[in-house]
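Chemist:
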Amino acid sequence: MLITGVSRFWGCQLAKGLEAEPSIERIVAVDTATPPIELSRTDFVRADIRHGLIGKLLHAIDIDTVVHAGLIVDPRRAGARQVHETNVIGTMNLLAACSASGSAVRKLVVKSSTAVYGAEAEDPSIWSEEMVRRAPARDGFTRDLDEVEGYVRDFSLRKPDAVTTVLRFANVLGPTHGTPFSRLFDLAAIPTVLGFDPRLQFVHEADAVATLKHAVLHERPGTFNVAGSGVVILSQAISMMGKANLPVLPFAGAGMLVDVVNRAVPLGFPAHLTRLLQFGRVVDTAALRERFGVALQYSTPDTVLEHVRSRRTRDLPPAPSRRAYEAELEEFLQAQSPASANGHRKTARARPATRRRPARRGPVDRS
Amino acid sequence: MSGRAGTSRSRANGRRRLPSLQTLTRELPATAMTATGAVALRLRELTGRDVIDLESLQDLVSVGYRAVEVRNQHRAGSFAVDEFGYDREYTNTIVPLFRLLYRRYWRVETTGLEHVPRHGGALLVSNHSGVLPFDGAMIEIAVIDEADRYPRALVASFFGTMPVLSWFLRRTGQTLGHPDDALRLLRSGELVLVFPEGVRGTGKLYSERYRLRRFGRGGFVEMALRAGVPVVPISVVGSEEIYPMLADVQPLARLFGFPYFPITPTFPWLGPLGLVPLPTKWRIRFHAPVHTEDYGAGAADDPSLVMRISDEVRDTIQAGLMAELMERRSVFRG
């Protein structure tokens, strides 16, 4: 199988999660940058999905499953131009390769976003998957998302025998993944839109990855909203975090203001999300529970609480991992053992560690 | 040694002074209430009638207290809203305020509440008038108090763009007039209150009072048919005179983004004071439900049936208005 966007949170966490699955023969991950975490079984190929070469790769290794996790939702990760190129041109190119004649692709999983529904005052209160936004897209990102989902629909029409799963994720919060909302919530006082208190939904990062994994391991054709059950109101989320609510954004032209400020000082909070801060968005997750068959671990309020909890210990130094000690102890004991049959190789392996031996002796001696 | 003792004594003094201040502030409202009570008693002795309505005053004070309590709870983030943003507890703090308007100000007389189903979904359909949608609030109070159910009204979508109202209406159970919202609520067994006249109804001129506007395109009947719930028509008399709208200045309305800009005898001449509604006497009549359950969900796609039921509901409400108006001797005294 092939995973795109492995240099970012979604791709690399999914690859890591799938490595433990014996049913998956081979994982090939592509991106333009190396994955941030260490992957053991995944073959990383530095390739750009915007380039036609991706088709050659697909054919050469007979890929049957493609997970398109490379959609950039957080514009801080790249410039506006690159976001558009990666999202639209990358998807177009990748799906063109997948639907080419002779392609062995039997399953396509696409990571999309609930941003595709937009956020308007006159929107329905709850979006289910088959509902379509009435207002035209107000920003480049939403427009791109429309195009991406359009390409996915084209693919499923051209390859009706393939299983196509589109997952529309709500905004993600969690201990490791930095998102526009996590950055907003890290501020001491949280700017809000004057006179507005939107309903929001979040999904915990562990649930997000688990849902992607479920889509890879099972056959679940269709489009699914992914969000923690329940809703939080922005003011409620702010109280949960014990922060101050700062209603400084005007209710007319808040997006423009954020856009202008963003140009001068990068806020890490894209202008299109200010509409969400004003009007909110809630999606129906009945299909996820009933047809997709995944029970998320965290509800929306739990996700916020969990996020708050993880933030409290973030600035402390990481706790020493017990497993690292155990590995070192094992290594030490094996190096000591004279009766080892292949002792020669073991000492050779242990050698790089000898430099750190004084630091390691403590716990070993005590035991 | 002595220095330390001194500081500890001054600290103890400080601690003792703080509760005394707290008790004072805590007892202040009670003291004020007692004083007002004495004044009210004296006034009644002097004039021979109730000048200060003590019961209403007490209600108001308790509303304030409850609101502070709930706000403190909310500060801690410990509350839950449903997916529409509805917070029952918050609503319960607001209800007494509107109950005061219901009982004391407009002295609403309600009949036919036995027609409101005590459980399961139903669509409440009413005439709409009065510039500001107080009629919705009064129908809700009637149903909350007499039928012990919390109806959810569908409001015009422009309320979603208004600061404060956008969240206040949602927090108190209202949602935007989107057919998907209504269907979702009806299917989950809620009472849904709709005003098919919409802003055409609230923006009526005084000269057009009690004349029903077109009931949209019968969308509300489609919703009822799809959800398989009864339709309960409601006639509200009195609300059409709370703001006698003499003219509608459309250019100003467009400027502010409102559906209409009313000119009344008091607004905008008296500024915010002009927003005080007139104390008319209200009557709300709930009619026997129109049953749509037997038609089946496919009937919603039959326009002739939809229009027929829509007209039936409209005629019932119009006839109810006329019947109530014939009973009414005075606009203000009923």
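Which chain is which? The protein sequence lines are A and B, in order. Under the working numbering, the first residue of the first sequence carries the number 345, and numbering increases by one thereafter. Under the working numbering, the first residue of the second sequence carries the number -15, and numbering increases by one thereafter. Beta carbons: idealized from backbone N, C-alpha and C, even for Gly.
Could you say if the region 233 to 247 of chain B and the region 274 to 284 of chain B meet the contact criterion of at least three C-beta pairs nearer than 8 Å?
Modeler: Short answer: they don't touch.
Chemist: Determine which residues of the region 474 to 485 of chain A have a Cβ less than 8 Å from any Cβ of chain B, and write them out in chain order.
Modeler: Here the close residues are Met475.
Chemist: Could you check what DSSP says for Asp541(A) in three-state terms: helix, strand or coil?
Modeler: coil
Chemist: CB-CB under 7 Å to Gln357(A), same chain, minus the five flanking residues each way: which ones, in chain order?
Modeler: Val553
Chemist: List the residues of chain B that Val575(A) touches, going by C-beta distances under 8 Å, in chain order.
Modeler: Val65, Asp66, Glu67, Gly69
Chemist: Report yes or no: is there a C-beta of chain A within less than 8 Å of the C-beta of Leu160(B)?
Modeler: At a cut-off of 8 Å between beta carbons, Leu160(B) contacts chain A.
Chemist: Quick check on Lys455(A): does DSSP put it in helix, strand or coil?
Modeler: strand
Chemist: Give the residues of chain B in contact with Pro468(A), contact being defined as C-beta atoms less than 7 Å apart.
Modeler: His162, Asp164, Asp165
Chemist: Within this structure, are the beta carbons of Lys587(A) and Val507(A) separated by less than 8 Å?
Modeler: no
Chemist: Tell me, please, which residues DSSP counts as bridged to Gly446(A).
Modeler: None; Gly446(A) has no bridge partner.
Chemist: Can you round the beta-carbon distance between Glu466(A) and Ser141(B) to whole angstroms, since I take them to be within the 8 Å contact cut?
Modeler: 4 Å
Chemist: Would you list, in chain order, the members of the region 123 to 146 of chain B that have their beta-carbon closer than 7 Å to a beta-carbon of chain A?
Modeler: Along the region 123 to 146 of chain B, going in chain order, the ones with a CB nearer than 7 Å to a CB of chain A are Ser141, Gly144, Thr145.
Chemist: Return the CA-CA distance between Val626(A) and His521(A), expressed in angstroms with no decimal places.
Modeler: The alpha-carbon atoms of Val626(A) and His521(A) are separated by roughly 22 Å.
Chemist: Going by DSSP, what residues sit across from Val510(A) in a beta bridge?
Modeler: Val454(A), Thr567(A)
Chemist: With 9 Å as the limit, tell me which residues of the region 635 to 652 of chain A have their beta carbon closer than that to any beta carbon of chain C; keep them in chain order.
Modeler: Chain labels in this structure do not include chain C; the protein chains are A and B.
Chemist: Is it true that the region 518 to 532 of chain A meets the region 453 to 470 of chain A, where meeting means three or more beta-carbon pairs spaced less than 8 Å apart?
Modeler: When C-beta atoms of the region 518 to 532 of chain A are compared with those of the region 453 to 470 of chain A, fewer than three pairs fall below 8 Å, so the two segments do not count as touching.
Chemist: Give me whichever residues DSSP pairs with Glu93(B) in a beta bridge.
Modeler: Arg267(B)
Chemist: To the nearest whole angstrom, what separates the beta carbons of Arg479(A) and Val537(A), a pair I think is in contact under 8 Å?
Modeler: Correcting the residue identity first, residue 479(A) is Ala in this sequence and not Arg. The C-beta separation of Ala479(A) from Val537(A) comes to about 18 Å, leaving the pair out of contact by the 8 Å criterion.
Chemist: I'd like to confirm something about Arg195(B): is its beta-carbon nearer than 7 Å to some heavy atom of the ligand ADP, or not?
Modeler: Absence of the ligand ADP from the depicted structure is noted, as is the absence of any ligand whatsoever, leaving it without description.
Chemist: Hey, Met229(B) and Val148(B): beta-carbon distance below 8 Å or not?
Modeler: no
Chemist: For Val45(B) and chain A, any beta-carbon pair shorter than 8 Å?
Modeler: It does not; no Cβ of chain A falls within 8 Å.
Chemist: Taking just the CA atoms, how far does His548(A) sit from Ser654(A)?
Modeler: 12 Å
Chemist: If you measure from the beta carbon of Arg324(B) to each beta carbon in chain A, is any gap under 8 Å?
Modeler: Residue 324(B) is absent from the structure shown; chain B starts at -15 and stops at 318.
Chemist: Just to confirm, are Gly539(A) and Pro645(A) a CB contact at a threshold of 8 Å?
Modeler: no
Chemist: Taking Cβ positions only, does Gly539(A) come closer than 8 Å to chain B?
Modeler: Yes, its Cβ sits closer than 8 Å to a Cβ of chain B.
Chemist: Say whether chain B places a C-beta atom closer than 8 Å to the C-beta of Ala588(A).
Modeler: no
Chemist: Beta-carbon within less than 6 Å of Gly687(A)'s beta-carbon, same chain only, minus the 5 sequence neighbours each way: which residues are those?
Modeler: The predicted position of Gly687(A) is uncertain, since its pLDDT is 44 and thus under 50; a value taken from the coordinates is nonetheless stated next. Counting only Cβ-Cβ distances below 6 Å, and skipping sequence neighbours, we find nothing.
Chemist: Using a threshold of 8 Å, state whether the C-beta atoms of Ala126(B) and Val178(B) are closer than that.
Modeler: no
Chemist: Which of the three DSSP states, helix, strand or coil, is assigned to Ala465(A)?
Modeler: For Ala465(A), the secondary structure class from DSSP, reduced to helix, strand or coil, is coil.
Chemist: Note the first and the last residue of the continuous alpha helix (DSSP H) segment covering Leu617(A).
Modeler: 616 to 623
Chemist: Hey, Leu38(B) and Ala19(B): beta-carbon distance below 8 Å or not?
Modeler: no
Chemist: Counting beta carbon pairs with one atom in the region 405 to 414 of chain A and one in the region 349 to 363 of chain A, are three or more of them shorter than 8 Å?
Modeler: yes
Chemist: So, helix, strand or coil for Phe595(A), using DSSP?
Modeler: coil
Chemist: Would you please verify whether the beta carbon of His58(B) is less than 8 Å from any beta carbon of chain A?
Modeler: yes
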